[in-house]
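Asker: When the letters of the sequence shown are read in order and numbered with my numbering, they come out as residues 2 to 930. Cβ atoms here follow ideal geometry from the backbone N, Cα and C, with glycine treated the same way. Let me give you the structure first, and then I'll get to my questions.
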Amino acid sequence: MSDSGSLLNKNTSNNLLRRDVRFLGHILGEVLVHQGGNELLAIVEQIREMSKNLRAQFSPESFAEFKETINSLAPEKRHQVIRAFAIYFQLVNIAEQNHRIRRKRDYERSAGENVQPGSIEDVVRDLKQQQIPAVEVQEIIQGISLELVMTAHPTEASRRVVLDIHQRIANDVMELDNPSLTFREREQLRANLLGEVVTLWQTDELRDRKPTVIDEVRNGMYYFDETLFDVLPEVYQELERVLAKYYPEEDWHVPVYMKFGSWIGGDRDGNPSVTSDVTWETLTMQRQLALEKYSELLQNFKKHMSFSKNIVEVTQELLDSVEQDRQHVELRSNEVWRNEKEPYRIKVTYMIEKILRAADSKVSPTQKYNSPEEFLTDLKIIERSLRNHYADFIADTFVVKLIRQVELFGFHLASLDVRQHSKEHEAAMTEILAKMSICPNYSELSENDKISLLSDLLNEQRPITSPYMDYSESTLECLNVYRVIKQAQQEFGRNCISSYLISMTQGASDLLEVLVFGKEAGLYRQEQDGSVICTLQSVPLFETIDDLHAAPDIMRTLYNIPAYRDSLNSTNHLQEIMLGYSDSNKDGGVITANWELRVALRSITEAAKEFGVKLKFFHGRGGALGRGGMPLNRSILAQPADTIGGGIKITEQGEVLSSRYSMKGIAYRSLEQATSALITAALNARNPQAEVTDPQWEDIMKDISENAQTKYQDLIFRDPDFMTFFKESTPLPEVGELNIGSRPSKRKGSDRFEDLRAIPWVFAWTQSRYLLPAWYAAGSGLHSYYQGKAENLAVLQDMYQNWSFFRSLIDNLQMALAKADLLIAKEYGNMIKDTAIADRIFNLISEEYDRTSALILSITGQQEILDNVPVIQESIRLRNPYVDPLSYMQVQLLSELRTQREQSEDDTLLLREVLLTINGIAAGLRNTG
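Pasting the structure below:
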């Protein structure tokens with residue numbers, strides 16, 4: 002297609018997005034009139050128009066009039082106006098997600114004439130065009146590994162019932178593209194949508210209680226049930242299809258390179274609700290869903306298996322398998338397939354029964370599937386037989402996908418990681434060793450003495466606990482976790498839990514403690530020949546800047562301990578290491594966090610190479626920019642190419658889960674982009690000269706980082722008034738009342754900044770439109786090198802053009818600056834009682850914002866922030882007039898609510914309105930924490 006044709010196509014596509022937004026806007030308008038009369042629609046339109054005009058041409062008079070209009074709303078009307086703007090954003094987000102699916106379908110309709118950038122075909126075609134031989138492509142595919150780990154971090158502000166309504170609206174809007182719709186069908190769709198938006202209007206978007214951990218487990222499993230169980234194997238099928246297309250001489254079977262894991266029900270760091278019993282229940286629920294999915298698929302499969310022995314010749318292997326099932330598996334009379342000429346249906350009937358019984362411990366092993374491998378054996382027997390009588394199409398359509406699903410999800414659905422804070426282990430170890438008279442004061446030992454003692458304990462056969470001892474509740478729970486892990490590995494398979502993450506790892510002893518506890522439960526044991534079997538790996542989590550600096554030497558210390566090195570034999574000398582993006586950002590600022598994480602990746606990798614250890618890095622990214630958030634494919638490509646050899650793990654949390662995985666089309670696009678990025682990163686790792694950087698750039702970046710950290714910490718840690726400014730000028734206290742997660746917002750019941758979790762820290766700044774964690778101190782850091790010198794600016798420009806790390810950093814800063822709005826942020830400052838504090842710190846922030854914006858425009862050569870991605874620039878521009886009224890109303894409501902609370906009064910309706918504005922702004926900015 003010509004360039005002009007492509008442009009026409011793009012414009013047509015964008016027009017369809019505008020059509021959908023207008024259409025849904027009109028639907029909402031009708032609902033507003035229906036529910037609140039013409040007066041409601043009129044006031045919403047008046048506020049929207051005033052907000053839009055303010056953005057176009059600001060004047061103090063218009064601004065004062067706008068605020069007066071908002072402040073004069075009666076409470077009941079204000080409540081409706083807030084909900085109208087919030088629901089509008091929900092509908093716009095649905096339209097934009099649908100448009101992403103539409104664009105992909107447009108490419109696919111071109112029948113290969115156009116290949117979508119970032120698609121699997123795009124990257125494989127690129128390999129072929131670069132003349133990468135098939136043998137090297139095989140090596141690349143064999144070497145890539147990605148695990149996406151769902152967490153229950155409380156950043157999803159929407160209720161599940163609301164997301165379900167969104168899904169139904171999305172399906173109906175997508176149907177509007179169907180050219181065969183009749184007039185009556187189109188009108189029926191419109192009526193359906195009116196009904197759904199009315200339902201949305203009359204559904205409470207706020208939770209009336211905090212979700213339990215099991216609620217969160219169900220929410221996570223929803224994505225497996227609705228999308229991932231089908232979509233993930235389809236991504237594998239597409240990779241095999243395009244490999245066969247461009248490398249037809251090879252027989253391709255792609256190994257498992259991408260799968261999902263979970264923290265939900267396993268992450269107990271700071272969440273006392275996650276007990277060992279909850280972890281067991283989580284694993285049971287996950288298995289139940291996996292077995293139910295297999296049963297459903299087999300039932301459907303059975304309908305298509307009417308092949309008759311009167312017409313085809315099935316394999317003897319299949320017939321023998323059926324006979325073996327007859328001898329061992331009892332069926333109720335109504336379940337027996339009576340037609341003896343249809344052996345596949347007979348076989349699948351037995352398979353369904355064995356799947357349904359797989360979780361029943363009372364059933365004889367011969368009557369059920371005891372492992373996914375037994376299930377796979379039967380599926381492959383069927384596949385071979387089908388191909389034997391040339392029913393390949395059926396084998397490819399049904400059996401191959403089911404085989405892939407079993408390979409991906411097993412009977413455990415997803416591997417569950419366990420996480421706990423290092424201090425909890427230390428406290429339990431101190432109590433246990435004191436009671437057994439092994440060490441009276443373990444916690445007071447030096448790090449070297451702890452390492453020596455723990456190493457000795459690992460090498461001894463005797464236990465350190467006794468069933469006759471009384472332990473504190475917390476120590477008992479600590480021990481029970483390991484016992485449950487051992488029991489779970491026996492019940493659900495070894496892969497159900499294999500990683501134990503240690504928050505705030507600050508020494509080698511933190512990892513050794515986990516191994517000693519594991520030894521007590523049989524997860525670490527020495528065999529008679531001296532070899533070590535370890536089925537649970539200690540995974541350090543390095544979070545603060547100081548921890549990142551210490552990490553390489555901590556790992557060297559561990560690799561030098563024979564008992565620890567021996568534990569790596571069970572993982573083929575692969576060590577998993579997690580890096581925290583949220584706390585490092587909170588600790589040192591965005592520039593320093595990004596730089597120090599990059600340095601840590603390299604230095605930890607070098608330390609591992611010295612000992613012949615391979616690494617799998619686990620990147621603890623949040624959804625927001627201030628917590629390392631970025632599109633999945635970009636987060637993969639952002640890693641130094643030489644650090645991905647042992648595989649990558651990445652957290653997927655909060656609103657990221659619903660935005661990426663609630664719709665099949667979006668889920669597929671995200672996962673195919675991730676696959677494309679993995680292959681690209683692996684190719685780059687094989688060609689280290691692909692990106693040649695000037696050696697001085699790293700020195701420059703180091704200095705920029707140090708200066709940025711000083712600027713950041715001068716405000717956040719060393720300004721005595723900063724916490725007053727933060728707490729009084731953001732909805733931090735009220736965010737905790739949203740009931741969006743089972744976990745408390747603080748690790749301890751304190752008001753110290755260090756104990757505040759990174760999520761509410763970022764969430765509060767996002768709500769108040771500062772987005773401070775995502776950009777603050779960047780300008781000062783960059784200016785420390787620039788210093789007004791043209792030659793230094795030229796170097797920064799060269800770094801932006803030719804260094805992917807620096808370009809990604811600058812572009813993320815652009816996104817944050819574009820979403821921030823200091824005019825509105827200043828209104829939040831009016832809530833601070835001490836105006837001197839408010840003015841002084843706001844001016845500091847404002848000056849830094851201007852400095853950062855000006856420097857980024859100079860470095861990029863752009864006229865405006867986000868000129869490099871006009872689609873997002875336009876989206877933010879169109880959204881702002883709708884977000885702004887919610888922000889101004891939030892300031893008004895917060896002021897009223899806090900005044901009442903200071904007088905020991907409370908107003909549940911007022912709090913409700915505050916929480917509605919929080920939800921609305923989160924939807925409008927498409928970010929929470």
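The alpha helix (DSSP H) that contains M890, what's its start and end?
Answerer: Residues P871 to E903.
Asker: Kindly indicate which residue of K53, I28, L17 and G589 has the alpha-carbon position closest to the one of Y883.
Answerer: The shortest C-alpha separation from Y883 is found at K53.
Asker: F543 bridges to which residues according to DSSP?
Answerer: L580, per the DSSP bridge assignment.
Asker: Flag this pair as yes or no: are the beta carbons of S510 and C535 separated by less than 7 angstroms?
Answerer: No, the pair does not count as a contact, with Cβ atoms beyond the cut-off.
Asker: Which of the three DSSP states is assigned to R288 in this structure?
Answerer: Of the three classes helix, strand and coil, the one that applies to R288 here is helix, per DSSP.
Asker: Alpha carbon to alpha carbon, how far is L409 from D268?
Answerer: Cα to Cα, L409 sits roughly 22 angstroms from D268.
Asker: Return the residue from the list W766, L480, A642 and Q529 that minimises the CA-CA distance to T606.
Answerer: It is A642 whose Cα lies nearest to the Cα of T606.
Asker: Give a yes or no on whether the C-beta atoms belonging to V243 and V125 are separated by under 7 angstroms.
Answerer: Taking 7 angstroms as the Cβ cut-off, V243 and V125 qualify as a contacting pair.
Asker: Is DSSP giving V275 helix, strand or coil here?
Answerer: V275 falls in the coil class under three-state DSSP.
Asker: Compute the Euclidean distance between the alpha carbons of I1 and P732, then round it to the nearest angstrom.
Answerer: Here the chain covers residues 2 to 930 and nothing more, so residue 1 does not appear.
Asker: Please return the same chain residues whose Cβ sits closer than 6 angstroms to the Cβ of E597, not counting the five positions on each side in sequence.
Answerer: Closer than 6 angstroms at the Cβ level, and outside the excluded window around E597, lie I546 and L549.
Asker: When DSSP builds the beta bridges, which residues end up paired with E148?
Answerer: According to DSSP, E148 bridges with K260 and K650.
Asker: Out of S63, I846 and S671, which one is the CA nearest neighbour of P118?
Answerer: Per the Cα distances, S671.
Asker: Classify T156 as buried or exposed, calling it buried when 16 or more other Cβ atoms lie within 10 Å of its own Cβ.
Answerer: Any reading at T156 must be qualified, since the residue scores a pLDDT of 47, below 50, and its modelled position is unreliable; the value itself is stated next. Buried.
Asker: Taking its Cβ as the centre, do 16 or more other Cβ atoms sit within 10 Å of T853, making it buried, or is it exposed?
Answerer: The residue in question, T853, is buried, as its Cβ has 16 or more Cβ neighbours within 10 Å.
Asker: Please state whether DSSP places C440 in a helix, a strand or coil.
Answerer: Looking at C440 - three-state DSSP - the assignment turns out to be coil, as it is neither helix nor strand.
Asker: What span of residues does the alpha helix (DSSP H) with W490 cover, start to end?
Answerer: For the sequence presented, residue 490 should be read as Gln rather than Trp. It spans E474 to F493 - the alpha helix (DSSP H) in which Q490 sits, taken as one unbroken run.
Asker: Whose CA, out of D720, Q798 and R927, lies closest to the CA of I846?
Answerer: Taking only the C-alpha atoms, the option nearest I846 is D720.
Asker: Hey, S706 and L794: beta-carbon distance below 7 angstroms or not?
Answerer: Going by C-beta atoms, S706 is not nearer than 7 angstroms to L794.
Asker: Taking the C-alpha atoms as reference points, what is the distance between E544 and R603?
Answerer: The alpha-carbon atoms of E544 and R603 are separated by roughly 16 angstroms.
Asker: I want to know whether the stretch 675 to 685 touches the stretch 166 to 181 - three or more CB-CB distances under 8 angstroms.
Answerer: No: the two stretches stay apart, fewer than three of their Cβ pairs being nearer than 8 angstroms.
Asker: Look up K617 in the DSSP assignment and say whether it is helix, strand or coil.
Answerer: Strand, per DSSP.
Asker: Tell me whether G921 sits in a helix, a strand or coil according to DSSP, three-state version.
Answerer: Correct three-state label for G921: helix.
Asker: Starting from V419, trace the alpha helix (DSSP H) in both directions and tell me its first and last residue.
Answerer: Element bounds for V419: not the alpha helix (DSSP H) but the beta strand (DSSP E), V419 to H422.
Asker: If contacts are defined as beta-carbon pairs under 8 angstroms, then Q538 and S504 qualify, I think. What distance do you get, rounded to the angstrom?
Answerer: Contact doesn't hold; Cβ gap of about 15 angstroms is too wide.
Asker: For A668 and T228, which I take to be in contact (beta-carbon distance under 8 angstroms), what is that distance rounded to the nearest angstrom?
Answerer: Between T228 and A668 the Cβ distance is about 5 angstroms, and since that is below 8 angstroms, they are a contact.
Asker: Please report how far the alpha carbon of K294 lies from the alpha carbon of M286, in whole angstroms.
Answerer: Spanning the two alpha carbons is a distance of roughly 12 angstroms.
Asker: Measuring CB to CB, does I95 end up less than 7 angstroms from H27?
Answerer: Cβ atoms of I95 and H27: not closer than 7 angstroms.
Asker: Hey, could you find the ends of the alpha helix (DSSP H) V401 is sitting in?
Answerer: Counting along the chain, the alpha helix (DSSP H) containing V401 begins and ends at V401 to F410.
Asker: Is the separation between the beta-carbon of A709 and that of I592 shorter than 7 angstroms?
Answerer: Against a cut-off of 7 angstroms, the Cβ pair of I592 and A709 comes out as a contact.
Asker: Mind checking who V600 pairs with in its DSSP beta bridge?
Answerer: Looking at the DSSP assignment, V600 forms no beta bridge with any residue, so it has no partner.
Asker: If you count every other CB in all the chains shown that lies within 10 Å of the CB of K381, and 16 or more means buried, which is it?
Answerer: Exposed, because fewer than 16 other Cβ atoms sit within 10 Å of the Cβ of K381.
Asker: Taking just the CA atoms, how far does P871 sit from A57?
Answerer: Taking the straight line joining both Cα atoms gives about 18 angstroms.
Asker: Within 10 angstroms of the Cβ of G782, are there 16 or more other Cβ atoms? Answer buried if so, exposed if not.
Answerer: So G782 counts as buried.
Asker: If you pair each beta-carbon of the stretch 378 to 392 with each one of the stretch 310 to 319, do three or more pairs fall below 8 angstroms?
Answerer: Cβ pair count under 8 angstroms is three or more, so yes.
Asker: In whole angstroms, what separates the C-alpha of G519 from that of P464?
Answerer: Rounded to the nearest angstrom, the two C-alpha atoms are 11 angstroms apart.
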